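Chains as they are written, first to last, in numbering that gives the first Met the number 0: chain A, 0 to 463; chain B, 0 to 463. For each residue, glycine too, the CB sits at the ideal point set by N, CA and C. The structure displayed is predicted, hence computed values, not measured ones. Quick notes on the structure that follows.
2 protein chains.
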Amino acid sequence: MTTELQPLLDHLITDHDHAVKRMCDLLAIPSVSTDPAYADDVKRAARWHAEDFKQLGLETHVLEGGGHPAVVARTTDAIVEDPASPRVLFYGHYDVQPPDPLELWTTPAFEPTIRDGKVYARGACDDKGQVMMFVEALRAYLTTGRKLPCHVTLLIEGEEECGSVTLPKVMADHKDLLAADLCVVSDTSMWEGKAGPAPAITYALRGLVYYDLKLYGPSRDLHSGVYGGTLPNPATVLARVLGKLFDKENRVTIPGFYNDVAELTAEERATWDTLGFDESQYLGDVGAEPYGEAGFSTLERRWARPSCDVNGLYGGYMGEGAKTVIPAFAGAKVSFRIPANMDPHKLSEQFENWIQSHDVGNCRWELTNHGVAHPVATPTDSPWVDAASRAIEQVTGKPPVLVREGATIPVVADFKTELGLDTLLIGFGLNSDSIHSPDEHFGLDRFLLGCKCHAALLASLGSE
Amino acid sequence: MTTELQPLLDHLITDHDHAVKRMCDLLAIPSVSTDPAYADDVKRAARWHAEDFKQLGLETHVLEGGGHPAVVARTTDAIVEDPASPRVLFYGHYDVQPPDPLELWTTPAFEPTIRDGKVYARGACDDKGQVMMFVEALRAYLTTGRKLPCHVTLLIEGEEECGSVTLPKVMADHKDLLAADLCVVSDTSMWEGKAGPAPAITYALRGLVYYDLKLYGPSRDLHSGVYGGTLPNPATVLARVLGKLFDKENRVTIPGFYNDVAELTAEERATWDTLGFDESQYLGDVGAEPYGEAGFSTLERRWARPSCDVNGLYGGYMGEGAKTVIPAFAGAKVSFRIPANMDPHKLSEQFENWIQSHDVGNCRWELTNHGVAHPVATPTDSPWVDAASRAIEQVTGKPPVLVREGATIPVVADFKTELGLDTLLIGFGLNSDSIHSPDEHFGLDRFLLGCKCHAALLASLGSE
Numbered sequence: 000m001t002t003e004l005q006p007l008l009d010h011l012i013t014d015h016d017h018a019v020k021r022m023c024d025l026l027a028i029p030s031v032s033t034d035p036a037y038a039d040d041v042k043r044a045a046r047w048h049a050e051d052f053k054q055l056g057l058e059t060h061v062l063e064g065g066g067h068p069a070v071v072a073r074t075t076d077a078i079v080e081d082p083a084s085p086r087v088l089f090y091g092h093y094d095v096q097p098p099d100p101l102e103l104w105t106t107p108a109f110e111p112t113i114r115d116g117k118v119y120a121r122g123a124c125d126d127k128g129q130v131m132m133f134v135e136a137l138r139a140y141l142t143t144g145r146k147l148p149c150h151v152t153l154l155i156e157g158e159e160e161c162g163s164v165t166l167p168k169v170m171a172d173h174k175d176l177l178a179a180d181l182c183v184v185s186d187t188s189m190w191e192g193k194a195g196p197a198p199a200i201t202y203a204l205r206g207l208v209y210y211d212l213k214l215y216g217p218s219r220d221l222h223s224g225v226y227g228g229t230l231p232n233p234a235t236v237l238a239r240v241l242g243k244l245f246d247k248e249n250r251v252t253i254p255g256f257y258n259d260v261a262e263l264t265a266e267e268r269a270t271w272d273t274l275g276f277d278e279s280q281y282l283g284d285v286g287a288e289p290y291g292e293a294g295f296s297t298l299e300r301r302w303a304r305p306s307c308d309v310n311g312l313y314g315g316y317m318g319e320g321a322k323t324v325i326p327a328f329a330g331a332k333v334s335f336r337i338p339a340n341m342d343p344h345k346l347s348e349q350f351e352n353w354i355q356s357h358d359v360g361n362c363r364w365e366l367t368n369h370g371v372a373h374p375v376a377t378p379t380d381s382p383w384v385d386a387a388s389r390a391i392e393q394v395t396g397k398p399p400v401l402v403r404e405g406a407t408i409p410v411v412a413d414f415k416t417e418l419g420l421d422t423l424l425i426g427f428g429l430n431s432d433s434i435h436s437p438d439e440h441f442g443l444d445r446f447l448l449g450c451k452c453h454a455a456l457l458a459s460l461g462s463e
Numbered sequence: 000m001t002t003e004l005q006p007l008l009d010h011l012i013t014d015h016d017h018a019v020k021r022m023c024d025l026l027a028i029p030s031v032s033t034d035p036a037y038a039d040d041v042k043r044a045a046r047w048h049a050e051d052f053k054q055l056g057l058e059t060h061v062l063e064g065g066g067h068p069a070v071v072a073r074t075t076d077a078i079v080e081d082p083a084s085p086r087v088l089f090y091g092h093y094d095v096q097p098p099d100p101l102e103l104w105t106t107p108a109f110e111p112t113i114r115d116g117k118v119y120a121r122g123a124c125d126d127k128g129q130v131m132m133f134v135e136a137l138r139a140y141l142t143t144g145r146k147l148p149c150h151v152t153l154l155i156e157g158e159e160e161c162g163s164v165t166l167p168k169v170m171a172d173h174k175d176l177l178a179a180d181l182c183v184v185s186d187t188s189m190w191e192g193k194a195g196p197a198p199a200i201t202y203a204l205r206g207l208v209y210y211d212l213k214l215y216g217p218s219r220d221l222h223s224g225v226y227g228g229t230l231p232n233p234a235t236v237l238a239r240v241l242g243k244l245f246d247k248e249n250r251v252t253i254p255g256f257y258n259d260v261a262e263l264t265a266e267e268r269a270t271w272d273t274l275g276f277d278e279s280q281y282l283g284d285v286g287a288e289p290y291g292e293a294g295f296s297t298l299e300r301r302w303a304r305p306s307c308d309v310n311g312l313y314g315g316y317m318g319e320g321a322k323t324v325i326p327a328f329a330g331a332k333v334s335f336r337i338p339a340n341m342d343p344h345k346l347s348e349q350f351e352n353w354i355q356s357h358d359v360g361n362c363r364w365e366l367t368n369h370g371v372a373h374p375v376a377t378p379t380d381s382p383w384v385d386a387a388s389r390a391i392e393q394v395t396g397k398p399p400v401l402v403r404e405g406a407t408i409p410v411v412a413d414f415k416t417e418l419g420l421d422t423l424l425i426g427f428g429l430n431s432d433s434i435h436s437p438d439e440h441f442g443l444d445r446f447l448l449g450c451k452c453h454a455a456l457l458a459s460l461g462s463e
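Shown next as structure tokens:
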């Protein structure tokens, strides 16, 4: 296959502007999955993909699993070179995070804008831009009269940013449709060591547990002069409970929290030492200094240790100036990132028990679990990792590095349990891409690099 | 004077519907002083009072002290029976709390509506309705051809709900204009013992210290998977600090916090025991059970002990569902109610020092003091208290009870320090009036009672 690759890569270069235009069309759709106000736009993004896949000649399904639809598209034997070749399942998501705070965007979140060789829009990097790299690789084969070197199934879902709640059911209900030999995902970052960004294959992800904790107190907002000091104030009590989440060593105090955390091996630690992790760039870019669980390095805290964050606080008077009120309720969004081998369901139970163990007067909790995800750790010695490494080396001249990721892709664990698939995470994001933040963006050079690597990957997988 | 009182009280009854109409005109003006969006409406409310006072033949001034205007109106000798009679300064405020949460109002906050003998509107009880009781008492004398039994000065300000920031300067700059023999305020409640509501003279108020604490962390919102566990999350850290405000006994942990609190005398405790305080009604109406500083009763916590409340929490993702973000900042509104003899400036310093004493990684605090107010305790043995007691007894047949109040009227301490005046607090609110809350209201029967008591009070003060 190698000899045939160069003309394909050349085509990706000449077609680049068109590919960027297609990506921007998709980015202009505000497919925010966590907010019901955007429900129609989420559907529109699913239709956009389905129509594109049909035009490429793929057998296309829009699966409604009770939540936002998932788009599944499969190559038919007619467009694959060798019917005996393996099948790759490419997974991505077309839904995006909410764009707020809106006022901090230089240009509107859903008006994709090119500045300094980057496209700025919500979803540019997470994950629409990265999905389109794979689609463009596929398109390059099919629109230049080639057959594909392996079978391909695309699974592009619309609920990743709200925990992929219904996708496991979709997987369970459509095992035949989704059957494959391995899974490929582009929703991660390149490795950014002191030597600069390098393509990476990510072999482990942290899982997630996300809660909304709402504490109800008096039946209505009260005057803090008339009632202050005589009854439980839910905002005060909520802060008192949250304040007990950590000890002085920044360790989480929930009983049993660390029991199942897989300890780092000496070999893994040694490999990580060679990666040239640049702590001052990673933290310095956002104005932070190292702060976390005592006894671990920043990279260990990020990749191999569980974390706990308050993602939001709300309740009482949140406007300008002063209002002397005892609020009827207060709330917090609290989430955990959990490395192998923590069990998100076990942690959910531990956390709820811990919450309920506190004195809150006669206030009442409303605990809402907004999603759990298992951590993932894929074997690094499979032939697919070798194939992917060869493909990336063909394009870049260097083998990729093998890394972990602190973030979560909720369904990767499900690919293993539901479909028996190991996953290769090959992403082209950078930490500075501001995903989940205002001014999210994606470098067009990395977009092109991703298109090329995926084109090479298809060839490389076909030769296995 | 006593013999002449009855026709005046009869007039207040026949004129009641017109008086209610006038009050509703004022209540329809959304004079929210804490929110700049309402600045024009605040001015409009000041003009409304000024025009009314001019029509009553009072010498009227609108004082601009740098903030929202204060309206001052004085009787001239021509309309006072005896030039040698004392002068009473009536203080009130025409500004109101913000109306939010708007969706919890049965009828809009600024469309005054009569239901079941009560007027519903923001400011109905706090304080427009109560101000208008005094104005109607005055009007009853002047529109029935009578002269006033004593000199009167009205001072109606527009910044009470945001801490009366510029009023002390107005007082200092206009000492001659505001000179009087005593001050009367109607911004408090009737006493609600087990025997039902009874007119009360309030002799002590708690002071106030109000802060907005904003903690800044990373330079932008971050993905909690990529960064979680490696840097200080300001929402988490804020909760950790606020969580340390109280010990297990619900005592505030700020060093020196209780040092200056005046202990209750045995005599005061004995008097309070006779008041028939109905704890189950006070707390039960809002669905709460007693909760507060160990070792004190609910009434003691409310009237004689300092309290600390989180009035609001904000920051990070506050919308529906989940957003996995480490916020760039988080904030809290925190206030204290302080009884005699605590010093709000000393507490502000203690609190700021306490805040700064915590480990917050390299997060940065922005501390905004939204106002301080001294506590107040007026002697109960002055001739003015006797005169007010006689007046109330004339109208109701019973002497008023002498009580404290947990809430704050920021300027009452300033009347003492700036103008040398003791203050009589004679209010007709009820705890169930939902002041500072949705569906604030005021009973029209109490409005009429207040009009009568103030008419009698003017006569009674004139005979001193």
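Quick one: which chain A residues come within Cβ less than 7 Å of residue i?
i	result
N430 of chain B	V225
L418 of chain B	Those within 7 Å of L418 of chain B in chain A number zero; the least Cβ separation is about 23 Å.
S334 of chain B	S223 and T323
F405 of chain B	For the record, residue 405 of chain B in the displayed sequence is Gly; it is not Phe. Under the 7 Å cutoff, chain A gives G224, V225 and G227.
A123 of chain B	Within 7 Å Cβ-Cβ: nothing; A123 of chain B doesn't reach chain A, min ~14 Å.
P231 of chain B	A287 and Y290
L241 of chain B	A238 and G242
What are the boundary residues of the beta strand (DSSP E) that residue i is part of?
i	result
A38 of chain B	Careful: A38 of chain B lies outside any beta strand (DSSP E), inside the alpha helix (DSSP H) at A38 to Q54.
F335 of chain A	F328 to I337
P378 of chain A	Note, P378 of chain A: premise wrong, no beta strand (DSSP E); not H, not E.
P196 of chain A	G195 to A197
Y257 of chain A	Y257 of chain A -> no beta strand (DSSP E), and no H or E assigned at all.
H453 of chain B	Where H453 of chain B is concerned, there is no enclosing beta strand (DSSP E), although the alpha helix (DSSP H) it sits in stretches over L443 to G461.
Does DSSP classify residue i as helix, strand or coil?
i	result
R239 of chain B	helix
W104 of chain B	coil
Y290 of chain A	coil
T367 of chain A	strand
R250 of chain B	coil
M0 of chain B	Any answer about M0 of chain B is weak, because its pLDDT of 42 lies below 50 and its placement is not dependable; what the coordinates show is given next. In the structure shown, M0 of chain B sits in coil (DSSP, three-state: anything other than H, G, I, E or B).
F133 of chain A	helix
Y202 of chain A	strand
L230 of chain B	coil
N352 of chain A	helix
T270 of chain A	helix
Applying a beta-carbon distance threshold of less than 9 Å, which residues of chain A neighbour residue i?
i	result
C161 of chain B	G320 and A321
Mind listing the chain B neighbours of residue i? Cutoff is C-beta to C-beta under 7 Å, in chain order.
i	result
Q96 of chain A	K322
M317 of chain A	G311 and Y313
P409 of chain A	Under the 7 Å cutoff, chain B gives no residues; its nearest Cβ is about 11 Å from P409 of chain A.
Please check the pair residue i and residue j, which I expect to be a contact at CB under 8 Å, by giving their CB distance rounded to whole angstroms.
i	j	result
Y226 of chain A	G370 of chain A	Actually they do not touch by this definition, with Cβ atoms about 37 Å apart.
A45 of chain B	V19 of chain B	Not really, about 22 Å apart at Cβ, beyond 8 Å.
G314 of chain A	P231 of chain A	Between P231 of chain A and G314 of chain A the Cβ distance is about 13 Å, and since that is not below 8 Å, they are no contact.
Looking at the unbroken alpha helix (DSSP H) that takes in residue i, where does it start and where does it end?
i	result
V411 of chain A	V411 to L418
E191 of chain A	Unbroken run through E191 of chain A is the beta strand (DSSP E), W190 to G192; no alpha helix (DSSP H).
C307 of chain B	Segment S306 to G315 is the beta strand (DSSP E) holding C307 of chain B; no alpha helix (DSSP H) there.
V19 of chain A	H15 to L26
Starting from residue i, find everything on chain B with Cβ-Cβ shorter than 8 Å and list it in chain order.
i	result
N361 of chain A	G286, A287, E288 and Y290
Compute every distance between the C-beta of residue i and the non-hydrogen atoms of the ligand PLP, then say whether any falls below 7 Å.
i	result
K397 of chain B	Looking at this structure, you won't find the ligand PLP or any other ligand, since it has none at all.
Quick one: which chain A residues come within Cβ less than 8 Å of residue i?
i	result
T235 of chain B	L241, L244, F245, C307, D308 and V309
Problem set entry | 3 or more residues per run - each beta strand (DSSP E) lying fully within the segment 64–104 of chain B | Within the segment 64–104 of chain B, the beta strand (DSSP E) runs of at least 3 residues that lie entirely inside it are, in chain order, 69–73 and 86–92.
For this session: Let me know the beta strand (DSSP E) ranges lying completely inside the segment 109–180 of chain B, each 3 residues or longer, listed in chain order.
Result: Counting only runs of 3 or more, we get 112–114, 117–119 and 150–156.
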